Each structure stands twice: as C-alpha cells, then as structure tokens.
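So the protein sequences, as listed, match chains A and B. Heads up: the first sequence begins at 7 in the numbering used here, then just goes up one per residue. Heads up: the second sequence begins at 119 in the numbering used here, then just goes up one per residue. Below is one structure, written out as structure tokens; comments come after it.
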Amino acid sequence: MKQLGWWGVIVTFVLVFAGGFVSYFWLPSAQLNGPRSAFEAFCIALGVPQAAPPSTIVVDVAPPSDVILTHNLLQPSTPQDIGHGATLAIRCTPCHGPTGISFADSPNLAGQYAATIYKQLRDFKSGVRSNAIMNPVAQALSDTQMQQIAAYYASRVRPVESRVAADPPAIVKWGAPMRNIAPCGSCHGSEDHSAASPWLSGEPAAYLRAQLYAFASGARTNDINGQMRAMVRGMTPTEIDWAALYFAGSTGAP
Amino acid sequence: MANARRLILAHFALAFAAFFLALLLGEWQMIVRSPWHAWLDNPELYYRSVTAHGSAMAYVFPTLLAMGFGYAITVTSLGQPLIGLRFAWLAFYLVLIGAVVAMVPVALGQASVLYTFYPPLIANAFYYIGIVLVVVGSWIWVGLLLINERAWRREHPKTPLPLPMFANLAGAYLWAWTAIGAALEILFQILPVALGFKTTIDAGLARVLFSWTLHAIVYFWLMPAYIAYYTIIPRAIGGRLYSDTMARASFALFLVFAMPIGIHHLFADPMVGSGLKMMHTIFTAMVVVPTLLTIFTIAASVELAARVRGGRGALGWLKALPWDNPAMLAIAFSFIMLGLGGAGGLINMSYQLDSTVHNTQWITGHFHLIFGGAIVIMYFVIAYDMWPQLTGRPLGSLSLVRTQLWLWFIGMLVLTLPWHWAGLLGMPRRMAYYDYAHPDIAPEAWTVLMSVLGGAVLVASGLLFIYILASVFRRAPQEIPAYRYSEPLHALTAVPKALDGLGIWFALMVALTLVNYGFPIWQLAHIRTTSVPAVFVGGRQ
C-alpha cells in the first residue's frame, strides 16, 4: 500500500502504451485497403490531413446561370437611373402594367427587388430562362439598361396586400421537414428574405403555379443551385395550389 | 456550520429555484412537440427553451449545489469555521449575476445555441459572458476549499484528511481543470466572434476544446452524489462504510479517468482522427473501475446495515433493510437508474456501437437517466439531510419525502426508457416537432406522449420537493444534533500516503490530458484552413 502512488503511475503508463498501440498501430493497419505503412497508419489514426484520392467522377455540367445574386450585387440606384429605367420600361407595360402591376397574369414588378429583376433579365438574355416574349425583349437590352429597369421597378410601391389575415398553409409556414422541403416563407418574404428570392406577395396565382410546375418538371433551370427545383419536386399538386393561392392573396387556401 | 449557514442556504435555495424553473421549461418542451399540441409556428421558441433548460440544469443548478455542499463539507468535516467567508459571498453573487446575464439574451431569443454552444452558431456575447461569470465564481470556490484544507493541515499535521473533504477536493480539482477547456473555447474562439472582432470561427477546434469540459463536467455533477453514497447513506440507514480506502481510491480514479475521455462526444465529428477516438473509448471504459468499486463498496455497506438489523441468507438480508427510510429508497432508486444508464452508456462510449445511436433520442434518454435520475435524486437526499442543519428546524412528514422520491423515480423511468427505444428506431434528438402524419413517424408518437406523462410526474415531484423544503420554515426552531458522516467499518488509523492528498492523481490527470488532447488541439490550432463563417442567431447578420 505504501507504493500505491507509483502503482498508479505505472498502470497509467501501461494503459497509455497498450491503448496507443491498439489505437494507432494495430487497428489502423488491420483495416482492409488500409494504409501502406505503419507510419501512414499512425498519421491517419492521429487525424493528420491526407490528400484525397483522385476522383473518378467527371463533373461536366454547364452552370445553369452565370448570375450569382448577393445582397450587394447592384450599386445604389440614382434618380437618373430610375428615370432612364422608367423610359425603358414603357416597352414592358403591355404585360406588366403601366405601374408595374399586371392585369394579364404576368408577374407584378412594382416593388420587386432590383437584383431579382436584373437576374431574370440577364437569364432571359442569355437564354438560360426561356420565354417566347421575354427572350427577344431582353436580347435588345444592354447591361446598364437592365440595371436601370430593375432600379425603376424596385422604386415603385408594392401592390397593397389584399390578404385577409389568413393563417398561412403548412407548406408556407413549416414546409415539409420529412421531405426536406423548407417553408416558402423562410426565403420568400413572409418570415425572412434571402438574397436570390423574389418578393411573392400579390403575384398572380396562375403565374406562380406555372413557375412552380416549370421548376418541378425541370423546364426552368435558372435557380443556380437547383434550390427551387429541389423544393418543388417533392411538393404535391395540392401544396403547389395552396402556395400559389396563398401568395396571390387569395383566402381560398386553408 | 455556524458562520456559513446562511451562505450554504443561499446556494441551495438558488440552486433549487433554477432547477424548478428549468424543470417547468422541460415539461413545456415535451408538450409542444407531442401530438397533443399543434406544431409551433416558430421552432426557435423551442430551442430558446432548450437553451434555458440546459444552461440552468447543467451550469447553474449543479454548480451551486456542489458549491453549497462543498462549503458544508468543509466546515462540518474539518470542524473549523469557513475561512474566506466574504470571498464565498462574492463567488455566490458572481454566479447569481452570471446566471441572470446569461439568461436575459436567452429569454430574448438572442442566444438559442443550446447549452453546449455548437459553434459556428454564435449567440449574443452576454450569454457567454454570463457563463464565464458562473465559472469564475466556481473557481473562487475551488480556491477557498484549498485554503481551508491547507489551514486544517497546519493544525492537524498527523491526522489523515477526512474522507468527505478528500472527496470534496477531488470534485474541486476536477472542476478547476476541466472548466479550462470551455473557458479557452469561449475566450479565444467564441467571444472574439460574438463581440464582432471576427466573422469566422474554427468550429472543429472549438468543439474539441468543449469536449475537454463536456465529459468531465458530468463527473463534477456526479461528485456530490458519490460523496453522499459514501459519507451520508451508510450513516443514514444505520450502518457503516465498508471501506474508507476503497472510497478514496474511487475518487482518485474518477479524477484521473474523468478527463481524457471527452472525445467520445465527437465520434461523428470529422476533425478528429479515428485512433484518437479509439484511445478515448479505451479510457472511457476505465471509468467502469471506480464505478464498480463504488457499487461494490456501497452494496457491501448496505448489506452490513441489513445484517446488523438481523438480516439473514444470501439475499434474505434485503428484507431487513429500513425501506421506510428515505435515504434507503433513494440509494436503491439511484443504483437502479445508474445501472440502466450505465449499461446504455457502454453503448454510447463504444466507438462502433455509438454510430447507431449518435444524435438520436437515445442520448437524451441516457443523460437524463444518469444526471436527472441517479445524480439528482442524491441531490434531494443531500438537501433533506442538510436542511435541518441549515434551518435549525426538523423535516416534516417522511411519507411526503418518500412520495417525492417515488414520483421522481417513476417519472424519470417513464420519461427516459421510451426515449432509449425511440433512439434505437432512429428518432433524432433536438427536434422542435415531428410530422406525426408521416407513416414512418406515426408508430413512434407514443414515445413522445410518454415523455409528456413522465415529465408531468417529474414536475409533480419537483413541486413536492420545493413544498417539503419550504414548509420546514413553518415549524418552530429546535435543537438539532451535530452533523455526522458515516463511520468506516474499521476505525481509521492510517491512510496510504497517496490517498491522503490528491497531488499524484491530479498530475496523472494533467498528463493524460496532454496525451489525449495535446495533438488534436495543437494540430487544429495550426491548420489555417479550418475556419468557417459564423452563423449568428437572433437576427444579427
């Protein structure tokens, strides 16, 4: 009993060395397809970073869009930009309405984020997003003109929300966690806003529904990381209807 | 205990107030995620509550209880007034202020990061500052215990340190060393980001540093319970402690093996090598040694008590035990929960087996069974045992006390056993809601309902506990006999030198920390590419 302390030290040392041998040499070298040498086994077991083995997967997919939206993509607009934009936007009025509020089930543009409008124009111009009317319109615009149009519409007042304070449907409020679908509201305005996502309140239901189906079928691909396609693919037709009706301001959704 | 009575009472009162509020939050969490409640519109509320529940239950409650009990042991076992009373009050107010400073941002939704911090999540800086104040307060407590020990040794150079104080110091040494990991994480990793000096954080390094604290802190919570096993229970049931040396050896071994094992919390984390994880598995397994020493020693002490009362036969002595004694009930409940929780723990600590239960509801079940069950029920015993000493008034009806202990035991089993089962089925933990409409989830809904029921029983038990302690003040003060600890079976004449102090065991703990943590911390601190952007909670960009 007098030597208890020393025994404690000796047993601890034996444990460290025996445990170290098992953990750093024996088990790592015993692995199938394992390391080539005891030293390599030791380094891997300690957690020293190793070069990844060369990948055999070839990624050869063109990016869906070359416009990456960030919160500070566009410079703050000047009154001159907005004025030029207003003149340029005359060509938009037949579909998008004289004040940016559509009467033809085209999207409302009044009060939309400038970055959102700019990105869609760029994608229409490059053909990444296709629409028989918008593609030729956008092809005629220079980069500056697109920014000016975006600045003009962003400066307009948003349509008054006509929604009777209805509780949002589950897909907007909670998404569907079991299907990995985030709530619409977490990006599109009612709870939070993320850089690339448009303001949706008051958009025509027919337009929203068409876009959701276009994402679901893969006909529309200019969501740069596939985030909308990933969300919509798992949604049921009823959920698509509810989301479209809810954002359109209808109280018909449950 | 004369000069420290109000101090100890203040610690216990604040500890149990924090415990009771956190208990209510826990039950609210069980209700809102059950099929009896609609989905929370804002899941952040759930995590806000989990953060408050965890911070109060893991930092405030056990730290205050260990501090109060530690002061009580110091004055009663050393038989001298507490030296440094003013600093002890300063420490208490630091803990109190720290708890308030940490809880305000939590309540405002600015700190829903859970009590284990989870970087790169970053909360309001005041949350971490509050936690630091709590820890600083507890470090003052460690210093005071050491000063009181030194003073006693000067007066009694030939006498071995009494067992309760020896164990008390083991807890203090353990806490002093283990809190350093989280302190380094907060001071050098998290606070610079939370205060706005940096926007990235080395989440891997931060988590390794936290694991330094995360497992040994559990043993810090456990120390008061083990001290009660050895120094209160045998006396309370009318027996003697089977072996004083075995008790000291267990505390010394807990000190050595509690520390170099925390990486078993990081089995699923990629920044730690698999060999290191295996090493930590091996050392975690060594904790079995002091645990089994304790179970055998206490079981032998209990058997002694039964044989003194006329118990006969291989198992027949069990009938002779004083089952109407609350301490007897509590030790039986505590051992059952420790046995079940320990068996589950063998699965968590095994590097391979852990992968089936990691981050499932199994883990929640495990630590509630061990801490909330086996340990907290002994905290109740400590409170009941000390309360007459602290208030100068006798405890009321023992049948109420027995009811309270039964309710806690039943509630904890109803709460945690279904969680273990749900975890085996793969139910993740930290879920604000489940989609019970999903055909794969619906059959597991009953486990969540059971947790509501178990939680309700625990709340009832907690209410009863507070009532029993509070109702003491309605009685007239009485002469209370001096406090006694268990006597060992054989009168203590000499103690092996290595078990009279903790120096060598503390040195082994530090050495093992270097062996098992030195390399990963050094490596992660040196690799420049391991930082990730911080994720601020509570609306800050």
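By construction, the Cβ of each residue, glycine as well, lies at the ideal position given by its N, Cα and C atoms. Being a predicted model, the structure only gives us computed values, none of them experimental.
Test item: CB-CB of Leu508 (chain B) and Arg123 (chain B) under 8 Å: Translated into the one-based positions of the second sequence, residue 508 (chain B) becomes position 390. Translated into the one-based positions of the second sequence, residue 123 (chain B) becomes position 5. Yes, these two residues count as a Cβ contact at 8 Å.
Along the chain, where does the alpha helix (DSSP H) that runs through Thr409 (chain B) open and close? Taking the second sequence and counting its residues from 1, one reaches residue 409 (chain B) at position 291. Residues Val406 to Val426.
Any contact between the stretch 115-130 of chain A and the stretch 95-107 of chain A? By contact I mean 3 or more CB pairs, one from each, below 8 Å. yes
Am I right that Tyr124 (chain A) and Ala176 (chain A) are in contact with their C-beta atoms under 8 Å? What's the rounded C-beta distance? As a working mapping, residue 124 (chain A) is identified with position 118 in the first sequence. As a working mapping, residue 176 (chain A) is identified with position 170 in the first sequence. Not confirmed; about 33 Å, so no contact.
Where His556 (chain B) meets chain A, residues with beta-carbon distance less than 7 Å: Taking the second sequence and counting its residues from 1, the one referred to as residue 556 (chain B) is at position 438. Going along chain A in sequence order, the residues near His556 (chain B) (Cβ under 7 Å) are Met184.
Are the CB atoms of Asn286 (chain B) and Leu263 (chain B) nearer to each other than 8 Å? For the purposes of this step, residue 286 (chain B) is identified with residue 168 of the second sequence, where counting begins at 1. For the purposes of this step, residue 263 (chain B) is identified with residue 145 of the second sequence, where counting begins at 1. Closer than 8 Å, so yes.
Within chain B, partners of Trp180 (chain A) - CB distance below 7 Å: As a first step, residue 180 (chain A) must be located in the first sequence, where it is residue number 174. Under the 7 Å cutoff, chain B gives Trp157.
Are the stretch 490-500 of chain B and the stretch 519-539 of chain B touching by the rule of at least three beta carbon pairs closer than 8 Å? yes
Whose CA, out of B:Ile381, B:Tyr347, B:Leu309 and B:Tyr291, lies closest to the CA of Asn634 (chain B)? Position 516 of the second sequence, counted from the start, is the residue given in the question as residue 634 (chain B). The residue with the shortest Cα to Cα distance from Asn634 (chain B) is B:Ile381.
Can you grab the Cα-Cα spacing for the pair Ile683 (chain B) / Leu251 (chain B), in whole Å? Nothing about residue 683 (chain B) can be read from this structure; chain B reaches only from 119 to 659.
Closer than 9 Å by beta-carbon distance: list the chain A residues that pair up with Trp154 (chain B), in chain order. Here the question's residue 154 (chain B) lines up with position 36 in the second sequence. Within chain A, no residue comes near Trp154 (chain B); the closest Cβ sits about 18 Å away, beyond 9 Å.
Starting from Lys125 (chain A), follow the alpha helix (DSSP H) in both directions and report where the run begins and ends. Position 119 of the first sequence, counted from the first residue, corresponds to residue 125 (chain A). Ala120 to Ser132 is the span of the alpha helix (DSSP H), which, as asked, contains Lys125 (chain A).
Would you identify the three-state DSSP class for Val22 (chain A), choosing helix, strand or coil? The residue given as residue 22 (chain A) occupies position 16 in the first sequence. Three-state result, Val22 (chain A): helix.
List the residues of chain A whose Cβ lies closer than 9 Å to the Cβ of Gln641 (chain B), in chain order. Walking along the second sequence from the start, residue 641 (chain B) turns up at place 523. Those within 9 Å of Gln641 (chain B) in chain A are Leu52, Gly53, Val54 and Pro55.
Please name the residue, chosen from B:His129, B:Trp330, B:Gly572 and B:Ala424, that lies closest to Ile351 (chain B) on a Cα-to-Cα basis. To locate residue 351 (chain B), count along the second sequence from 1; it is residue 233. Answer by Cα proximity: B:Ala424.
Rounded separation between Ala432 (chain B) and Ser517 (chain B) - CA only: As a first step, residue 432 (chain B) is located in the second sequence; it is residue number 314 there, counting from the start. As a first step, residue 517 (chain B) is located in the second sequence; it is residue number 399 there, counting from the start. If you take the alpha carbons of Ala432 (chain B) and Ser517 (chain B), they lie about 30 Å apart.
Unbroken stretches of the alpha helix (DSSP H), 4 residues or longer, contained in the stretch 464-490 of chain B: 472-475 and 479-485
Return the residue from the list B:Pro638, B:Phe187 and B:Leu464 that minimises the CA-CA distance to Tyr601 (chain B). As a first step, residue 601 (chain B) is located in the second sequence; it is residue number 483 there, counting from the start. Checking every option, the nearest Cα to that of Tyr601 (chain B) belongs to B:Phe187.
Which residue comes first and which comes last in the alpha helix (DSSP H) that contains Pro142 (chain A)? Stepping through the first sequence from its first residue, residue 142 (chain A) is reached at position 136. That run of the alpha helix (DSSP H) goes Met140 to Gln145.
Check the Cβ-Cβ distances between Lys437 (chain B) and every residue of chain A, and say whether any is below 8 Å. The residue labelled residue 437 (chain B) in the question sits at position 319 within the second sequence. No, Lys437 (chain B) lies away from the interface with chain A (no Cβ there is under 8 Å from its Cβ).
Among the residues of its own chain, which have a CB less than 6 Å from the CB of Ile355 (chain B), if the five just before and after it don't count? Walking along the second sequence from the start, residue 355 (chain B) turns up at place 237. Answer for Ile355 (chain B): Ala423, Pro440, Asn443, Ala445 and Met446, listed in chain order.
Note down, in chain order, each residue of its chain lying with its Cβ closer than 6 Å to the Cβ of Ala136 (chain B), except the 5 sequence neighbours on either side. Looking up residue 136 (chain B) in the second sequence gives position 18. Correct list, in chain order: Ala174, Val178 and Phe179.
Is the beta carbon of Val260 (chain B) sitting closer than 8 Å to the one on Gly53 (chain A)? Here residue 260 (chain B) corresponds to residue number 142 of the second sequence, with the count starting at 1. Here residue 53 (chain A) corresponds to residue number 47 of the first sequence, with the count starting at 1. Taking 8 Å as the Cβ cut-off, Val260 (chain B) and Gly53 (chain A) do not qualify as a contacting pair.
Chain A contacts made by the stretch 459-486 of chain B, where a contact means CB separation under 8 Å: none
Select from the stretch 230-255 of chain A all residues with a C-beta closer than 9 Å to any C-beta belonging to chain B, and list them in chain order. none
Assuming Gly255 (chain A) and Ser207 (chain A) form a contact by the criterion Cβ under 8 Å, report the distance between their Cβ atoms to the nearest whole angstrom. Taking the first sequence and counting its residues from 1, one reaches residue 255 (chain A) at position 249. Taking the first sequence and counting its residues from 1, one reaches residue 207 (chain A) at position 201. Contact flag correct, Cβ pair sits at about 7 Å.
Just to confirm before moving on: does the CB-CB distance between Tyr344 (chain B) and Thr412 (chain B) stay below 8 Å? Residue numbering aside, residue 344 (chain B) sits at position 226 when the second sequence is read from its first letter. Residue numbering aside, residue 412 (chain B) sits at position 294 when the second sequence is read from its first letter. Closer than 8 Å, so yes.
Close beta carbons around Trp526 (chain B), own chain, < 6 Å, minus the five adjacent residues each side: Counting from one through the second sequence, the residue named residue 526 (chain B) turns up at place 408. Ile495 and Ser579, listed in sequence order.
Sub-8 Å separation of Met396 (chain B) and Ser35 (chain A) beta-carbons: The count along the second sequence starts at 1 and reaches residue 396 (chain B) at position 278. The count along the first sequence starts at 1 and reaches residue 35 (chain A) at position 29. For Met396 (chain B) and Ser35 (chain A), no; Cβs fall outside 8 Å.
Pair within 8 Å by beta-carbon distance, Val499 (chain B) and Ser230 (chain B): If you number the second sequence from 1, residue 499 (chain B) lands on position 381. If you number the second sequence from 1, residue 230 (chain B) lands on position 112. Taking 8 Å as the Cβ cut-off, Val499 (chain B) and Ser230 (chain B) do not qualify as a contacting pair.
CB contact below 8 Å: Ser112 (chain A) versus chain B: Taking the first sequence and counting its residues from 1, the one referred to as residue 112 (chain A) is at position 106. No, Ser112 (chain A) lies away from the interface with chain B (no Cβ there is under 8 Å from its Cβ).
Helix or strand or just coil, what does DSSP make of Val54 (chain A)? Stepping through the first sequence from its first residue, residue 54 (chain A) is reached at position 48. Here Val54 (chain A) sits in coil by DSSP.
For Ile639 (chain B), three-class secondary structure by DSSP: Along the second sequence, read from residue 1 onward, the residue named residue 639 (chain B) stands at position 521. Helix, per DSSP.
Under the criterion of a Cβ to heavy atom distance below 7 Å, does Gly197 (chain B) qualify as lining the ligand MN? With respect to the ligand MN, the structure offers nothing, as it holds no ligand at all.
Tell me which residues of the stretch 621-640 of chain B have at least one Cβ-Cβ distance to chain A shorter than 9 Å, keeping chain order. Gly621, Ile622, Trp623, Ala625, Leu626, Ala629, Leu630, Val633, Asn634, Phe637 and Pro638
Strictly below 9 Å CB to CB, what residues from chain B border Tyr30 (chain A)? Along the first sequence, read from residue 1 onward, the residue named residue 30 (chain A) stands at position 24. What Tyr30 (chain A) touches in chain B: Gly391, Gly393, Leu394, Met396 and Met397.
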